[in-house]
Every structure is written in C-alpha cells, then in structure tokens.
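Below is one structure, written out as structure tokens, with a few remarks after it.
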Amino acid sequence: MKPDDSRPSRPSPSSPHGAPDEFVQPDDAVIGRAARWSIALFVILVGAIVGGALWFNRKPAPGPVQITPLAAPVAPTPNAQAPAVRFTDITDAAGLTFSRFNAAEGEKLLPETMGGGGAFLDFDADGDADLLLINGTAWPWAKSPPSPKPTHALLKNDGSGRFQDVTAGSGLDVGSQGMGVACGDFDNDGLVDVFIANVGTNLLFKNLGEGKFQDITASAGVAGSTDEWSSSAAFMDIDRDGDLDLFVANYVRWSREIDFQVGFSLDGKTRAYGPPMNFQGTFPHLYRNDGQGRFTDISATSGVQVRNPSTSVPAAKSLGIAPADLNGDGWIDWVVANDTVQNLVFTNRHDGTFGEAGAFLGLAFDSMGNARGAMGIDIGRHRNDDALAVGIGNFANEMTALYVTQGKAGMFADEAIAEAIGPASRLQLKFGLVFFDYDLDGWLDILTANGHLEEEISKIQQSQHYRQPAQLFWNAGGTPKGGGFIEVKADLAGSDLFKPLVGRGSAYADIDGDGDLDALLLQAHGPPLLLRNDQATGHAWVRFLLRGTRSNRDAIGAWVQVTADGMTQSRQVMPTRSYLSQSELPVTFGLGKAAKIDHVDILWPNGHRQRIENPKLNTAHAVVEP
24 MKPDDSRPSR PSPSSPHGAP DEFVQPDDAV IGRAARWSIA LFVILVGAIV GGALWFNRKP
84 APGPVQITPL AAPVAPTPNA QAPAVRFTDI TDAAGLTFSR FNAAEGEKLL PETMGGGGAF
144 LDFDADGDAD LLLINGTAWP WAKSPPSPKP THALLKNDGS GRFQDVTAGS GLDVGSQGMG
204 VACGDFDNDG LVDVFIANVG TNLLFKNLGE GKFQDITASA GVAGSTDEWS SSAAFMDIDR
264 DGDLDLFVAN YVRWSREIDF QVGFSLDGKT RAYGPPMNFQ GTFPHLYRND GQGRFTDISA
324 TSGVQVRNPS TSVPAAKSLG IAPADLNGDG WIDWVVANDT VQNLVFTNRH DGTFGEAGAF
384 LGLAFDSMGN ARGAMGIDIG RHRNDDALAV GIGNFANEMT ALYVTQGKAG MFADEAIAEA
444 IGPASRLQLK FGLVFFDYDL DGWLDILTAN GHLEEEISKI QQSQHYRQPA QLFWNAGGTP
504 KGGGFIEVKA DLAGSDLFKP LVGRGSAYAD IDGDGDLDAL LLQAHGPPLL LRNDQATGHA
564 WVRFLLRGTR SNRDAIGAWV QVTADGMTQS RQVMPTRSYL SQSELPVTFG LGKAAKIDHV
624 DILWPNGHRQ RIENPKLNTA HAVVEP
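In structure tokens form, the structure reads like this:
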C-alpha cells in the first residue's frame, strides 16, 4: 500500500467479491465525463436559443452608400453687360525703368516673396500724381550683392502721365528691405512726408521741398525694432486733434535662423516659400503725433496689442490695413487683414484707446468660422447707400471676401458669393485689392493683383501658377436689375491688364489729368505694370482735393458725398488701400449720364460738415476747410 492510500478502497465493478450491480459505485473519471457532456449540451441549447432570437430580430442589411458630390459654390450672374474699357500698358512709354530687387539667392527666405508696395503721391505739390516705388536690398549675408546698390525710386510726373526718375540726391535714394509705404503730411506744412515699413528698422522721411527728403526716424521715435518685420502702415488722425498719427502693422516674428528652423517644403525634400502658420505672431505699433516732428509709442496702453487667448503670444500676422469710421460715430477705426489668423478690428473709444471687435462685428473669420490667408484690403460703399463693404484678397483656393454691413446694426456678413465675386476669385492667390470706378458710371468696381508665393507651385498643384493675371470685376449696380459684379475679360478690358504677373501691391490715380483712374500693379520681383485707362464711355466725372485747416491738412479720413441724377455716392479720402500701397489723395466720382451735380456734402475729419452747391462737371475742384 502506498502512503497516501490509507483510507479504505471501494469495490470496483470487477471486484472478485461478486457484489450485485446496483451496489457497484462509479469512479471519479466516469462522473467527470458525464458532467462535461451535460455542460456541453447546456451550452449548445443556450446558443441555439440566443442565435434564434438574434436571427428573428436581425436588422435588414444596409443598402449601397449614397454619396452626394459637392461642387464649388456658383453665384448668380447679373443680367447685364460690362462696358468695353481698355487698359493700355504704358510702363516703358511712361519712363518707368524700376525693377524690384527681392534679394533671393536660393535660400527661400519668406520676405523675398512677399513683395513691396508703391504710392501715388504729389511730393512736389504741383497737382499731379507722382510715384514712389519701394525696393528691397541685399541681405547682410549675401554671396553676390548687386552693384549698384538697389534703392527706392522717386518718379516725378510731368502732368501727362510721363515720369522722370528724380531719386538721386532726393534723400530717398537709400536701400532697405522695404515692404509697405505710407504717405501723409504729418506736420501740416503743405508737403507730403513718407514712411517706409521694412524688415528691420523702419524709416520716416520729412519732405523739405524741392524734391528733398530728410531721414528723421530717430528723432521722431518711429523706428521700431531691428528684429521686427513691418508690413503695412497708415497715417490717420486717431484723436481728432488735427494732425496725423501712425499705425504700423507687423507680420510675423522672423529671422533667417527661424526661417530655416521652420523648413517649409512643397515635396518634403526641397525648401520652398511657405505660409506663416509656423511663425509666431507679432504686435503692431501705434504712434501718437505729439507735434514738432515727434511721436509717442502708445501701443501697449491703447489696446492694439492683442494676445492669443490660449497661448498669450502675440496674435497678429498682419499684412493689410483699412482705416474708416465703421460705426458712424465720427472717429476713425480700422480693419487689419491677418494671414492665417483672424482679422482684427480696432474701434475707437474716443480716449486714445481701442477695443478689438473683429469677431463681434463678423469680420474676423469666413462664414464657416475659419481664418483665411488675408493680404490686401479696401473699404468702400459699393451700393451707393449706407452699407459699408470691406473687400479682402485671400490666399489661393480661398474666395475674395466681401463683408457688407447688415442694416443699422453695424454687423458684417460675407456676401462674396451672392455678389458673384467669390466663386470667380477662389482659384487665384490675391494680394492687392482696390475699389475704384474705372468706367465712371458711378459704381465702385474691384481690381485684384494676383500671384503665387512659390515658383514651383505648378509642379505640386496643377491648378496653380506662379504668375497669375489680375482680375477686374464690374459693378452692375447701375443696371435695370442691379446688384452683383461681373468678371471682365480681355475682350472688354484688353489683354494688357491680364498679363500674368507675380502680383503683389496695387494702386490707382489719374496720372494724365483726363478724369479717369489709371492703375499700377506691382510684383514680388521685377518691373511694375502701369496701365493707362482708355475708357471712352462719354461718362461725366468730378474730382475733389480737400485741404484741411482745423482738420489734418491732407483731410485723411474725410467723407465726400456727391448727389446727382437722383443718386448719392460716397468716397473716403484715404490713400491707404490694397497691399503695402497707397493710392492718390483726391477722390474721383463717375457720374454716368448725369447732366449736373445737385450738391456735394463733406464730412471733415473733425466732425465739421460743409455743403457745396452745383459744382461744375468734368473738373477737379480744390476745397479748403472753412
């Protein structure tokens, strides 16, 4: 016997004792086998019951997935025909030999592709539109800097639309990595002064007369910082004290080292010019004019330095500025177009401070709540009523925005699709944008300068091209059915206007004194395109050049209303328009077939109102503030 068999053994069925079968006890193995069979049968029975229940309660199999294709928005086309108004390229004939230098040597540094602005200004006070073109310069680390050194260009208009280069010895014959330009008589001496926004230190030039300018940046206190990238700038009277203050927008926090760290690429291998998403935002500068050629930086206390609420870093990546009294209280406000972050709107609180109200007013985002790549911007009353429109040129595959005030509430809604601008503009990369009445019918039209950032973009996106034609939209508001814009093609406007360019800034002026508005398109690098307006519609016109006495001398911020033939038009005296650029100071009104002007109302920047009865048609009028 084994040690663990101490208990008595039970007789087995084959026990020699011959006990009856009913007394024979089965062993543990037999019991186990029986139990396992019982469990298996139970599981099968339960599975059958559950399976049957699931079968009888099953849902029908889904049918094939229905996919509804989505198409790009299509706007209704106004039932009207745009007039034939041809633009003629007179760049060479007018004496423009300027070519912008962008400093590119293959490193693909972002400022090289952003371009520079230009300004129509009357620097010699002789009554016609001269030109200032902003240039780039070689980087400090350049391998092959050009000789001679590139400078900005000052061009004098002889009154007929021909220009003489008077840069040499003017004081503006200096080099900088120039971006935007602002022109204004900040000291009210009758001569327009010049501010140039740069990558690095900015520049302010006082006009001394006789074609001479003096750099007073240091004494004026508006240089900014050497590590900042300034873009657009605007002179405006923020406090209604009769002199011009200065707002300077900054783009992104940038350096050569940061650019290389970002390392943008189109194909994952080769460096390329890219959007600013991976660059930190910046703060703008607001300078209050204290007289005697000095400004005080009130940026930190005025409310214009906006931070990202989540990260507390500077929120702005600004490229365009559009000043205007947005709420009708008589004080200047302004909209800032930001690239890939929300647009900002600064509303004047009348005490030297400003509230940011972009999202509240409906101007910060698109209709889906997304930020866009905003570039150039302009403001106008394109419907000849109280509605104010803000037009913004956006990145490729984003529609041009046309924000319009809704009733008396002061809120804006993007009506680009309903106005037939959005779908037609979606593909292009829009930079410069201006409202102007090119056919003198009394309704503001829209012109955009277009061009991509990257030379090789067509290899990655076949629908995109580096050089792109401008777009012209004719306002059909004066037609019997009225409303909306019609895209104008080369058969009506001529092919010169639509030459493919690396378009950036744009501006307009009557360069030849014939009453209609000529156009300037600027490029990221290379020559500008100067276009003479050869309209022959027979439409009447009138122009006004305002001179402030109690208001700032340029009357920047004034509104002029002309009532003729039962229609009232409004234009703002505001040279700051488009992208990095400035248009002429006088305001032009097309009058269509009107035989006379009933009256003109002027709202001066200080709130004073003036009425002029029955001014002469087809004439440029100078009006001095009483």
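In my numbering, the protein residues as written are 24 to 649.
Even for Gly, the Cβ is constructed at its ideal location relative to N, Cα and C.
Bear in mind the structure is a predicted one, so any value in this text is a computation, not a measurement.
Considering Cα atoms alone, identify which of the options is closest to residue i.
i: G198; options: D208, A220 and N371; result: A220
i: S604; options: T642, G589, A559 and L545; result: L545
i: F283; options: D514, F302 and E510; result: F302
i: F454; options: E442, A472, D464 and G465; result: A472
i: V358; options: D374, V336, A382 and G375; result: A382
i: I483; options: L554, T160 and L289; result: L289
i: R632; options: D320, V647, N641 and A241; result: V647
i: A142; options: A103, D216 and P171; result: D216
i: Y489; options: L226, D624 and Y296; result: Y296
i: M597; options: T611, T586, T319 and Q328; result: T611
i: V327; options: T305, R123 and M391; result: T305
i: C206; options: T190, Q187, N230 and V222; result: N230
i: G375; options: R330, F458, G474 and D268; result: D268
i: D533; options: E477, A103, A542 and V525; result: A542
i: A436; options: E442, I444, A443 and V427; result: V427
i: W564; options: N498, R576 and Q592; result: Q592
i: W354; options: P337, F377, N366 and A338; result: F377
i: Y531; options: L608, L386 and G192; result: L608
i: G392; options: T136, N366, D539 and Q485; result: N366
i: A499; options: L553, R406 and F124; result: R406
i: D539; options: H644, L386, L520 and R566; result: R566
i: A117; options: P169, L452, N273 and Q187; result: Q187
i: G138; options: P106, G194, M202 and S122; result: M202
i: S122; options: H548, D577 and S606; result: H548
i: Y461; options: D408, G528 and D537; result: D537
i: N350; options: T324, T293, M434 and E479; result: M434
i: L653; options: V189, D238 and V275; result: What the structure shows of the chain is the stretch from 24 to 649, and residue 653 is not part of that stretch, so it cannot be assessed.
Within the continuous alpha helix (DSSP H) that includes residue i, where are the two ends?
i: P446; result: G445 to S448
i: Q284; result: R279 to V285
i: T240; result: T240 to A243
i: E135; result: P134 to M137
Give the range of the beta strand (DSSP E) segment to which residue i is assigned.
i: I8; result: Since the first residue shown for the chain is 24 and the last is 649, residue 8 is missing from the structure and cannot be characterised.
i: A360; result: D356 to N361
i: I653; result: Residue 653 is absent from the structure shown; the chain starts at 24 and stops at 649.
i: S529; result: G526 to A532
i: A176; result: A176 to N180
i: I469; result: D468 to N473
i: M434; result: That residue, M434, is in no beta strand (DSSP E); it is neither H nor E in DSSP.
i: F496; result: Q494 to N498
i: V583; result: W582 to A587
i: L543; result: D541 to Q546
i: V427; result: A424 to T428
i: F143; result: G141 to L144
i: I440; result: I440 -> no beta strand (DSSP E), and no H or E assigned at all.
i: I635; result: R632 to E636
Per DSSP, what are the beta-bridge partners of residue i in this structure?
i: H405; result: Paired residue(s): none; H405 is not in a bridge.
i: A419; result: According to DSSP, which records beta bridges pairwise, A419 is partnered with nothing at all.
i: S335; result: DSSP lists no partner for S335.
i: W564; result: G613
i: A4; result: No answer is possible for residue 4: the residues shown for the chain start at 24 and end at 649.
i: R555; result: T111
i: R570; result: V647
i: T642; result: None, per the DSSP bridge assignment.
i: S170; result: Its beta-bridge partners do not exist; DSSP assigns none.
i: F369; result: W357 and E379
i: Q484; result: In DSSP, Q484 forms no bridge with anything.
i: K650; result: Nothing can be reported for residue 650, as the shown portion of the chain is limited to 24 through 649.
i: M590; result: A587
i: S604; result: R600
Compare the C-beta of residue i against all C-beta atoms of chain D and say whether one is closer than 9 Å.
i: A547; result: No chain D is part of this structure, which consists of one protein chain only.
Does the beta-carbon of residue i, which I'm using as the reference point, lie nearer than 8 Å to any heavy atom of the ligand ADP?
i: G526; result: Absence of the ligand ADP from the depicted structure is noted, as is the absence of any ligand whatsoever, leaving it without description.
Stretch pair the segment 137 to 148 + the segment 557 to 564: three plus CB contacts closer than 8 Å: No, the segment 137 to 148 does not touch the segment 557 to 564.
Contact the segment 176 to 192 vs the segment 562 to 582: 3+ CB pairs below 8 Å: Contact fails: fewer than three Cβ-Cβ distances are below 8 Å.
Meets three-Cβ-pair contact criterion under 8 Å: the segment 171 to 180 and the segment 150 to 160: These segments touch.
At least three beta-carbon pairs within less than 8 Å, the segment 334 to 343 to the segment 398 to 406: These segments touch.
Validate contact between the segment 228 to 246 and the segment 584 to 592 using beta carbons, cut 8 Å, 3 pairs: In the pairwise beta carbon analysis, the segment 228 to 246 is classified as not touching the segment 584 to 592: fewer than three pairs are separated by under 8 Å.
Start-end ranges of the alpha helix (DSSP H) lying completely within the segment 286 to 341, minimum 4 residues: List check, alpha helix (DSSP H) in window: 322 to 325.
Those runs of the beta strand (DSSP E) which lie wholly inside the segment 204 to 236 and span at least 3 residues: Uninterrupted beta strand (DSSP E) stretches at least 3 residues long and entirely within the segment 204 to 236 occur at 216 to 221 and 226 to 232, given in chain order.
Inter-stretch contact at 8 Å, needing at least 3 Cβ pairs: the segment 322 to 337 / the segment 404 to 417: Segments in contact, no.
Stretch pair the segment 112 to 119 + the segment 162 to 172: three plus CB contacts closer than 8 Å: Counting C-beta pairs with one atom in each stretch, the segment 112 to 119 and the segment 162 to 172 have fewer than three that are closer than 8 Å, which means they do not touch.
Cβ contact (3+ pairs, closer than 8 Å) linking the segment 628 to 642 and the segment 431 to 451: Touching, no, given that fewer than three Cβ pairs across the two stretches are closer than 8 Å.
contact_flag[the segment 520 to 527, the segment 456 to 476] where n(CB pairs < 8 Å) is 3 or more: In the pairwise beta carbon analysis, the segment 520 to 527 is classified as touching the segment 456 to 476: at least three pairs are separated by under 8 Å.
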